[in-house]
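Working notes for the structure below.
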Amino acid sequence: MSALIRIAHLIASEKTPHQDSEGITTSSWIWPEKAELIYGVAASLIIFAMLFKFAGPAIKKGMSARTARIQKELDDAAGDKASAQTEAIGIRQAKGDIGAERDRLLADAAVQAGAMLTDGRGRLETEVAEMKARALADIETARGRSADELRGEIARLSSTAAERAVAESIDDSTHQDLIEAFIQKVGASS
């Protein structure tokens, strides 16, 4: 520190005064006056010493915190990378498992489809048998109904034919005698 003061003293001891454009006269064109130089250097040294004493630990603490934060980010990134690699390996293995799983699912689907076809065929055969039985029963019912209707129609037609035949074969006097006989028979039974 004394070396700086000596250098400053030598430079300040120049005897040729300097005058600038504003009319201010100094002993050197580069250095301030001797007293200003001494006070300025002393004030700067005091400020630097105080900064070193008080701000130095805070700066050091901030720098170590920054270093720790950056190191933590690097460690997290390395952990994330390892996790991603593990996950990628798992995905690659799962991809192989997906092929096996797909084959298994397709085989299960084929078995289920076969079972459904067999079940469907069985149900269809049962339904067809039931429909045939119902159709046969309906045919028998229709046959019986048709036979009854045919018998009724034949009876009606024969009755009509008999009435016509009787009406054509009986003359009026025989017809009159039959009506009177019927009336007497009904009258006698009452």
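End of the sequence shown sits at 181 in our numbering; the numbers just go up one at a time, nothing left out. Virtual Cβ for every residue (Gly too), placed ideally from N, Cα, C. These numbers were taken from a predicted model, which means no experiment stands behind them.
- For the 7 Å CB-CB criterion, Leu28 and Ala(-1) form a contact.
- Here the alpha carbon of Leu141 sits roughly 10 Å from the alpha carbon of Leu148.
- Counting only runs of at least 3 residues, the region 49 to 131 fully encloses no beta strand (DSSP E) element at all.
- Assignment of Asp162 by DSSP, reduced to helix, strand and coil, places it in the coil class.
- For Phe39, the enclosing alpha helix (DSSP H) has its first and last residue at 25 to 41.
- Between Pro23 and Thr17 the beta-carbon gap is near 7 Å, inside 8 Å, which marks them as a contact.
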